[in-house]
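Novice: Counting from 14, one number per residue, gives the positions in the sequence shown under the numbering used here.
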Amino acid sequence: MQLHQFTPDDDWLQIVLFLLLLVIYLVTLIGNLLVIFLIKLNPSLHTPMYFFLVNLSFLEICYTSSVVPQLLVHLLVEEKTIFIVGCAVQMYVFTILGLTECCLLAAMAYDRYIAICNPLHYRTIMSGQVCAQLAGASWTIGISVEVAQTTWIFRLPFCGSNRIHHFFCDIPPVVKMACTDTSKNEIMVFTVSVLFIMSPFLLIILSYISIISSILKLQSAEGRRKAFSTCSSHLMVVTLFYGTALITYLRPKSSSTPNSDLIISLMITVVAPVLNPIIYTLRNKEVKGAFRKTVEKSISSHNQRN
């Protein structure tokens with residue numbers, strides 16, 4: 014079975030969209046790879062916060078790569094089809110990475126909570142083993158939950174129109190194609206969203222309530238500013254990611270339209286991954302300092318060779 018995926022009908026618009034998405038995709042790859050290399054090359058950044066940031070950047074690269082390359086191809090060819098197996102694989106990868114990122118953002122919030130609310134025991138609590146366990150748990154939850162959910166979805170009978178009014182195989186548009194009662198699947202999607210998207214989100218909120226409470230108790234204005242600056246980047250990324258995810262999977266079916274679904278999905282898969290490295294680099298003095306040192310070291314090494 015082949016599925017026909019949505020792209021704009023206007024050839025000129027397809028070319029413009031192709032060039033725009035290609036630039037954004039390349040910036041996403043370069044930005045996230047730069048963050049990973051900077052952290053790996055600078056021992057001063059080998060801390061729990063940056064360990065999680067490396068994992069987040071890797072996730073973002075895989076996340077956007079599961080969707081954008083195929084979309085770029087479909088913008089250049091006339092036959093915009095994908096086999097049902099390819100559609101299933103895309104959904105497996107996309108949903109696993111998405112849920113893993115939800116859990117990883119919660120782990121990052123816990124790290125900031127310990128750093129600000131319990132700083133004297135930070136190194137003991139957030140040991141390398143604990144960080145690895147939190148990252149591993151994020152992947153385990155993402156894989157186990159989404160493999161089960163996606164497998165159940167693709168056991169549905171698909172018939173009639175095989176056109177997806179979407180640019181990739183996301184859960185809502187694929188479920189709409191089933192020619193049977195999908196109420197149980199919709200309940201399952203909603204339940205998974207509440208348990209595994211809302212639960213990490215609530216943990217993040219609780220962490221930040223404690224963080225803000227601790228920051229406000231600091232007597233020094235400079236201390237409050239410095240403490241909040243270590244959390245602001247993560248808070249912006251959480252707001253961007255969860256805002257679009259909650260709108261996509263928890264809003265009422267009656268308020269969903271094909272065009273609004275496309276815009277929201279573009280925000281999740283294209284805009285968020287390119288903004289995250291920008292947020293973490295432009296607002297982070299340590300990362301900017303590490304970048305400066307790496308460039309200076311590279312220039313010095315090049316001059317010595319010549």
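Heads up, the beta-carbon is just placed ideally off N, CA and C, and yes, glycines get one too.
Measure the C-alpha to C-alpha separation of Asn297 and Phe241 and round it to an integer number of angstroms.
Specialist: So the alpha carbons of these two residues sit roughly 12 angstroms apart.
Novice: For a test of the three-state rule: what should DSSP assign to Arg237, helix, strand or coil?
Specialist: Correct three-state label for Arg237: helix.
Novice: Could you name the residues of the same chain whose beta carbon sits closer than 6 angstroms to that of Val308, not counting the 5 residues immediately before and after it, in chain order?
Specialist: Closer than 6 angstroms at Cβ, skipping near neighbours: no residue.
Novice: Note down the Cα distance separating Ile281 from Ser311, rounded to an integer number of angstroms.
Specialist: C-alpha separation (whole angstroms): 35 angstroms.
Novice: Going by other Cβ atoms of all chains shown within 10 Å of its Cβ, with 16 needed for buried, is Thr204 buried or exposed?
Specialist: By the 10 Å Cβ count, Thr204 comes out exposed.
Novice: Who are the near neighbours of Cys169 in its chain, counting only those whose CB is closer than 8 angstroms to its CB and skipping five residues on each side?
Specialist: Going by the sequence as given, residue 169 is Leu instead of Cys. The answer, listed in chain order, is Val188, Ala191, Thr193, Thr195, Asn198.
Novice: Look up Phe171 in the DSSP assignment and say whether it is helix, strand or coil.
Specialist: Three-state DSSP puts Phe171 in a strand.
Novice: Could you tell me the boundaries of the alpha helix (DSSP H) in which Ile138 lies?
Specialist: Start and end: 135-138.
Novice: On the three-state DSSP scale, how would you describe Met14?
Specialist: A caution first: Met14 carries a pLDDT of 49, below 50, which makes its placement in the model too unreliable to give a value.
Novice: For my contact list, Phe181 and Val80 are in at a C-beta cut-off of 8 angstroms; report their separation, rounded to the angstrom.
Specialist: About 5 angstroms separates the two Cβ atoms, so the contact holds.
Novice: Enumerated in chain order, which unbroken segments of the alpha helix (DSSP H) with a length of 4 residues or greater are wholly contained in the stretch 86-140?
Specialist: The qualifying runs are 97-130, 135-138.
Novice: Under 8 angstroms by Cβ, that's how I've got Tyr105 and Val160 pegged, so tell me the actual separation to the nearest angstrom.
Specialist: Right, their Cβ atoms sit about 7 angstroms apart.
Novice: What are the boundary residues of the alpha helix (DSSP H) that Val48 is part of?
Specialist: Val48 -> alpha helix (DSSP H) spans 24-54.
Novice: Report the rounded CA-to-CA distance for His179 versus Ser212, giving the unit in angstroms.
Specialist: Distance between the alpha carbons of His179 and Ser212 is about 28 angstroms.
Novice: Quick check on Trp25: buried or exposed, where buried means 16 or more other Cβ atoms within 10 Å of its Cβ?
Specialist: Exposed, by the Cβ-count rule.
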